[in-house]
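Accompanying notes for the structure given below.
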């Protein structure tokens, strides 16, 4: 799964206590420089992004979104110690911040610490104002899979679909996980729903081939195989299929 960082520098700003006056020049400066940092980060201008995040922190030491952005930049640069320090500093100021908790959890999961990550996703989900809980649920599901807990993963994916019934990442991961758990009927239903809302990819068609093969539906298997070969002839999945991989 690709990077799942949330735009914490933007979303977390909505969680700043209303007691802070709008004319607080330090807070305004921190907000502006955090926004700039995040935009530079998205463009891959990491040096400038780091500078802007540090300026934001200097302007308002307790401004948690700046630490979130600083951590994301350092994580992208594989400066893991600096990234973890920034996450911890931000959570020290705002321990319930959903974006910080989500991103720290995802960071831990990406660094081979999947079991440690789950509690941070759970903390993110406790916030009733969290703008995108389905993302944290899918992240928790993915990291539960990596931790070897398939049943917990399915629970997280199901909860994401309860919040957002056609959420493609949840449907996709459920299809994959149900196939791995030898539940091809469930995997088929998940994949069909995924295709309705997200379209077909080389990965999804290859999964379809394997699901239908396991179900013994030769016609459906050949249908997926034909689409995969014709629409994605140069893909890794097509090569795997033609090489007879299971």
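Residue numbers (our numbering): 846 to 1091.
In this text, a Cβ means the ideal position worked out from N, Cα and C, and glycines have one as well.
- Only buried fits residue 1047, as 16 or more other CB atoms lie within 10 angstroms of its CB.
- Taking a C-beta distance under 9 Å as the contact criterion, residue 1023 and residue 999 qualify as a contact pair.
- Three or more Cβ pairs drawn from the segment 917–930 and the segment 882–890 lie within less than 8 Å of each other, which places the two stretches in contact.
- Inter-residue distance for residue 1050 and residue 955 is about 26 Å (C-alpha atoms, whole angstroms).
- Under the three-state reduction of DSSP output, residue 906 falls in the coil class, being neither helix nor strand.
- DSSP places residue 946 in the uninterrupted alpha helix (DSSP H) bounded by 943–955.
- Secondary structure of residue 975 (DSSP, three-state): coil.
- By the Cβ-count criterion, residue 1090 is exposed, with fewer than 16 other Cβ atoms from all chains shown falling within 10 Å of its own Cβ.
- In this structure, DSSP gives residue 1046 a state outside helix and strand, which the three-state scheme calls coil.
- The segment 1072–1086 makes no contact with the segment 1035–1042: fewer than 3 CB pairs, one atom from each, lie closer than 8 Å.
- Taking residue 1033 as the centre and dropping the five residues before and after it, the same chain places the C-beta of 1056, 1060 closer than 7 Å to its C-beta, in chain order.
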